[in-house]
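From first to last, the protein sequence lines stand for chains A and B. Per my numbering, the first sequence starts with residue 1, numbered consecutively. Per my numbering, the second sequence starts with residue 1001, numbered consecutively. We treat Cβ as the ideally placed atom computed from N, Cα and C, and that holds for glycine. Single-structure report; data block below.
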Amino acid sequence: STVVLVFEAPSNFKFTLEQGQKVKMGQAIGT
Amino acid sequence: LFSAWKDTKVKWTPIPVGLGIGFLCFLQYRRVVKRERERLDGDEVVRRKYVASGPWQVHVAAALPLRSMSRLWGAFNSINIPEFLRPAGFKLYSWIFGCNLDEMKVKDLKAYPNLSAFFYRELEEGARPVADAPLVSPSDGKVLHFGVVEERNIEQIKGVTYSLDALLGMDNNSTRAIENVRFDPNTAAVEEEEFANVNGINYSLDDMLGSSDNAVKTVSSVGPDGLAREAKDERSNMESEELVRLADIEPSGDLSHRTKPGNSLFFAVIYLAPGDYHRFHSPADWVVQMRRHFAGELFSVSPYFVKLLENLFVLNERVVLMGKWRHGFFSMIPVGATNVGSIKINFDEALRTNRKEDLATGTYTEVSYKSASKRLGGKPVCRGEEVGGFYLG
């Protein structure tokens, strides 16, 4: 299963992620 | 022949009633068969627009009755396991798929009657602290891809994209056979002027929207320890500000996600492995205005298949939740897979996924959540609040 997020944000929005990274629910993924 | 024709006496007799009824039934049967054939032919036309393409592995998978297999898998895993076998069986599953049994809410493995119940297990309180950030991960999992949506296309893997409009149901192909279902307010978790937050504490929406000086006064129940109460009170103040902001944001019309000046559209794809916690939570404070349920195929969504199968996320069954957050358009899309075909949304009891009668044609049914809160224009969900989950089969 997969969860896809699509959202509008200011153009200077940055993901704090790396491809292939494991994440936990509630972990920050962007600023 | 001549004499027979000439001399045979014509004898009129009434037709038996049963024969007449049988004849009418036969006519009706032919009419129904013809109508169903025409309907299936029409669905086939739509289906051809969503054809799986890729190497031979994709064609092998496409030839399999994945939806039937998924339902069979779900039914099999719903069979209760003898109590004495449960600990060993679930430990074996956990060892194979890397489940962390220490963070389960109910640690007694005998309490889970079958694998489906174990798969949909809850986590203990505090196992997943919600970060103080505007956007958090909705689930446990592996980040498959993320980035900016360019020219209304989302990158599936490097160099291969799928259409954002097809994913959300904005294109002409997927608008066929839309069935607009009126959202039943009785099934919503939210009353018009009041909602319960994830901790089970009720607040008046008027207070949350700032009509009252102190929203915390409306807390009807608090946790037993002072620290927990203090933390909840701080969060309620934050939610109050956020709800004021969300109430002020105008619904984005047809949700065609035209971004405001200075904004862009972003996407992130998180893959849940079989051993992961399979409930998903709200990644932000936002208002869900509608959902679209696409009855689709149930291909595997493992990283291996993501690389093989083009348009995978557009082909598969999915539930598109759309609404608004502080920056504008927001959407969360749980996508099903062969082993987890059933998607549950906690505040939408009418939703039924992976049903035999729904053909995998790429069409969708749409439900509006506006009746959940007239002021907010939808169902408000807080960051970290459980929204739903994936069931086996």
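* Spell out whether any CB of chain A is found under 8 Å from the CB atom of D1285 of chain B. => Here the question's residue 1285 of chain B lines up with position 285 in the second sequence. Chain A, which has no Cβ nearer than 8 Å to the Cβ of D1285 of chain B, makes this no.
* Asked: Do you know offhand how far D1276 of chain B's Cα is from C1099 of chain B's?
  -> On the second sequence, residue 1276 of chain B is found 276 positions in, with the first residue counted as 1. On the second sequence, residue 1099 of chain B is found 99 positions in, with the first residue counted as 1. When the Cα atoms are used, D1276 of chain B and C1099 of chain B turn out to be separated by approximately 6 Å.
* Asked: Would a check of beta-carbon distances place V1198 of chain B closer than 8 Å to chain A?
  -> Here residue 1198 of chain B refers to the residue found at position 198 of the second sequence. In this predicted model, V1198 of chain B has a pLDDT of only 34, less than 50, meaning its place in the structure is not dependable; the value taken from the coordinates is given anyway. At a cut-off of 8 Å between beta-carbon atoms, V1198 of chain B makes no contact with chain A.
* Asked: Would a C-beta distance cut-off of 8 Å place T1353 of chain B and H1281 of chain B closer than the cut-off?
  -> Counting from one through the second sequence, the residue named residue 1353 of chain B turns up at place 353. Counting from one through the second sequence, the residue named residue 1281 of chain B turns up at place 281. No. Outside cutoff.
* Examine chain A for any beta-carbon lying closer than 8 Å to the beta-carbon of T1353 of chain B, and answer yes or no. => Counting from one through the second sequence, the residue named residue 1353 of chain B turns up at place 353. With 8 Å as the cut-off, T1353 of chain B does not count as an interface residue toward chain A.
* To do: For L1309 of chain B, go through chain C and note every residue whose CB falls closer than 7 Å to its CB, in chain order.
  => Reference to chain C is not applicable here, since the protein chains of this structure are A and B.
* Asked: DSSP state of F1299 of chain B, grouped into three classes?
  -> Your numbering for residue 1299 of chain B matches position 299 in the second sequence. Correct three-state label for F1299 of chain B: coil.
* By the criterion of Cβ-Cβ separation under 8 Å, what are the contact partners of N1263 of chain B in chain A? -> To locate residue 1263 of chain B, count along the second sequence from 1; it is residue 263. Within chain A, the residues near N1263 of chain B are E8, A9, P10 and S11.
* Asked: Is the Cβ-Cβ distance between V23 of chain A and I1343 of chain B less than 8 Å?
  -> Position 23 of the first sequence, counted from the first residue, corresponds to residue 23 of chain A. Position 343 of the second sequence, counted from the first residue, corresponds to residue 1343 of chain B. Against a cut-off of 8 Å, the Cβ pair of I1343 of chain B and V23 of chain A comes out as no contact.
* Asked: How would you label W1286 of chain B, buried or exposed, when you count the other beta carbons within 10 angstroms and need 16 or more for buried?
  -> As a working note, residue 1286 of chain B is residue 286 in the second sequence. With 16 or more other Cβ atoms within 10 Å, it is buried.
* Among the residues of its own chain, which have a CB less than 7 Å from the CB of Y1391 of chain B, if the five just before and after it don't count? -> As a first step, residue 1391 of chain B must be located in the second sequence, where it is residue number 391. If we look at Y1391 of chain B and ignore the five residues flanking it on each side, its Cβ neighbours are G1074, S1116, Y1120, V1340, S1342 and K1344.
* **Pairwise C-alpha distance: K1324 of chain B and F1347 of chain B** => Residue numbering aside, residue 1347 of chain B sits at position 347 when the second sequence is read from its first letter. Residue numbering aside, residue 1324 of chain B sits at position 324 when the second sequence is read from its first letter. Answer to the nearest angstrom: the Cα atoms are 17 Å apart.
* Would R1030 of chain B be called buried (16 or more neighbouring beta carbons within 10 Å of its own) or exposed? -> Within the second sequence, residue 1030 of chain B is the residue found at index 30, counting from 1. Around the CB of R1030 of chain B, fewer than 16 other CB atoms lie within 10 Å, so the residue is classed as exposed.
* Asked: How many angstroms separate the CA atom of E1386 of chain B from the CA atom of F1330 of chain B?
  -> Translated into positions along the second sequence, residue 1386 of chain B becomes position 386. Translated into positions along the second sequence, residue 1330 of chain B becomes position 330. Each residue's Cα considered, the two are about 17 Å apart.
* Consider the Cβ of V1219 of chain B: report whether some Cβ of chain A lies at a distance smaller than 8 Å. => Position 219 of the second sequence, counted from the start, is the residue given in the question as residue 1219 of chain B. Any reading at V1219 of chain B is ruled out, since the residue's pLDDT is 30, under 50, leaving its predicted position unreliable.
* Asked: When you check each C-beta in the stretch 1050–1074 of chain B against every C-beta of chain A, which residues fall closer than 8 Å?
  -> Of all residues in the stretch 1050–1074 of chain B, none has a Cβ within less than 8 Å of some Cβ in chain A.
* Asked: Which runs of the beta strand (DSSP E) fall wholly inside the stretch 1321–1358 of chain B and span at least 3 residues, in chain order?
  -> Those beta strand (DSSP E) runs which fall completely within the stretch 1321–1358 of chain B and span 3+ residues are 1328–1335 and 1342–1345.
* State the CB to CB distance for the pair G1384 of chain B and P1334 of chain B, rounded to an integer number of angstroms; the pair is presumed to be in contact (CB under 8 Å). => As a first step, residue 1384 of chain B is located in the second sequence; it is residue number 384 there, counting from the start. As a first step, residue 1334 of chain B is located in the second sequence; it is residue number 334 there, counting from the start. Actually they are not in contact, since the Cβ atoms of G1384 of chain B and P1334 of chain B sit about 17 Å apart, beyond 8 Å.
* Asked: Which of helix, strand or coil does DSSP assign to R1030 of chain B?
  -> In the second sequence, the residue the question calls residue 1030 of chain B occupies position 30. Three-state result, R1030 of chain B: helix.
* To do: Compile a chain-ordered list of the residues in the stretch 1131–1144 of chain B whose CB is closer than 9 Å to at least one CB of chain A.
  => Residues passing the 9 Å Cβ filter: A1131, D1132, A1133, P1134, L1135, V1136, S1137, P1138, S1139, D1140, G1141, K1142, V1143 and L1144.
* Asked: For Q21 of chain A, which of helix, strand or coil comes out of DSSP?
  -> Working through the first sequence from its first residue, we reach residue 21 of chain A at position 21. Q21 of chain A falls in the coil class under three-state DSSP.
* To do: Just the C-alpha distance for E8 of chain A and F1267 of chain B, rounded to the nearest angstrom, thanks.
  => For the purposes of this step, residue 8 of chain A is taken as residue 8 along the first sequence, with counting starting at 1. For the purposes of this step, residue 1267 of chain B is taken as residue 267 along the second sequence, with counting starting at 1. Going by the C-alpha atoms only, they are around 9 Å apart.
* Asked: What does R973 of chain B pair with, by DSSP beta-bridge criteria?
  -> An answer regarding residue 973 of chain B cannot be provided, because it is not within the stretch 1001 to 1393 covered by chain B.
* To do: Can you grab the Cα-Cα spacing for the pair I1081 of chain B / K1091 of chain B, in whole Å?
  => Counting from one through the second sequence, the residue named residue 1081 of chain B turns up at place 81. Counting from one through the second sequence, the residue named residue 1091 of chain B turns up at place 91. Spanning the two alpha carbons is a distance of roughly 14 Å.
* Asked: Would you call the stretch 12–29 of chain A and the stretch 1136–1144 of chain B in contact, with 3 or more CB pairs under 8 Å?
  -> Here the stretch 12–29 of chain A makes contact with the stretch 1136–1144 of chain B; the two share three or more CB pairs at distances below 8 Å.
* Asked: In terms of residue numbering, what span does the beta strand (DSSP E) encompassing I1154 of chain B cover?
  -> Counting from 1 along the second sequence, the entry for residue 1154 of chain B is found at position 154. In the DSSP assignment, I1154 of chain B falls within the unbroken beta strand (DSSP E) covering N1153 to I1157.
* To do: For F1146 of chain B, return the contacting residues in chain A, with the cut-off set at a CB-CB distance below 7 Å.
  => In the second sequence, counting from the first residue as 1, residue 1146 of chain B sits at position 146. Against chain A, a Cβ distance below 7 Å from F1146 of chain B picks out F15 and L17.
* Asked: Using the rule of at least 16 other Cβ atoms within 10 Å of the residue's Cβ for burial, across every protein chain shown, is H1059 of chain B buried or exposed?
  -> Residue numbering aside, residue 1059 of chain B sits at position 59 when the second sequence is read from its first letter. Exposed.
* To do: Can you grab the Cα-Cα spacing for the pair T1161 of chain B / M1104 of chain B, in whole Å?
  => In the second sequence, the residue the question calls residue 1161 of chain B occupies position 161. In the second sequence, the residue the question calls residue 1104 of chain B occupies position 104. Looking at the two C-alpha atoms, the distance is approximately 37 Å.
* Using the DSSP secondary-structure output, state which residues sit across from I1096 of chain B in a beta bridge. => Stepping through the second sequence from its first residue, residue 1096 of chain B is reached at position 96. According to DSSP, I1096 of chain B shares a beta bridge with no other residue.
* Asked: Whose CA, out of B:E1036, B:E1155 and B:A1166, lies closest to the CA of Y1364 of chain B?
  -> As a first step, residue 1364 of chain B is located in the second sequence; it is residue number 364 there, counting from the start. Of all alpha-carbon atoms in B:E1036, B:E1155 and B:A1166, the one lying nearest the alpha-carbon of Y1364 of chain B is that of B:A1166.
* To do: Compare the beta carbon distance of L1066 of chain B and L1298 of chain B with 8 Å and say whether it is the shorter of the two.
  => Position 66 of the second sequence holds residue 1066 of chain B. Position 298 of the second sequence holds residue 1298 of chain B. With contacts defined by Cβ atoms closer than 8 Å, L1066 of chain B and L1298 of chain B form a contacting pair.
* CB of F13 of chain A within 8 Å of CB of G30 of chain A, strictly -> In the first sequence, counting from the first residue as 1, residue 13 of chain A sits at position 13. In the first sequence, counting from the first residue as 1, residue 30 of chain A sits at position 30. Using a Cβ distance threshold of 8 Å, F13 of chain A and G30 of chain A count as a contacting pair.
* Using 10 angstroms around the beta-carbon of Y1369 of chain B, count the other beta-carbons present and answer buried if the total reaches 16, otherwise exposed. => Taking the second sequence and counting its residues from 1, the one referred to as residue 1369 of chain B is at position 369. In summary, Y1369 of chain B is buried, with 16 or more beta-carbon neighbours lying within 10 Å of its beta-carbon over all protein chains present.
* To do: Using a threshold of 8 Å, state whether the C-beta atoms of L5 of chain A and P1283 of chain B are closer than that.
  => Within the first sequence, the letter at position 5 stands for residue 5 of chain A. Within the second sequence, the letter at position 283 stands for residue 1283 of chain B. Yes, Cβ-Cβ distance for L5 of chain A and P1283 of chain B is below 8 Å.
* Along chain A, in chain order, which residues have C-beta atoms closer than 9 Å to that of Y1271 of chain B? -> Taking the second sequence and counting its residues from 1, the one referred to as residue 1271 of chain B is at position 271. The contacting residues are S1, T2 and V3.
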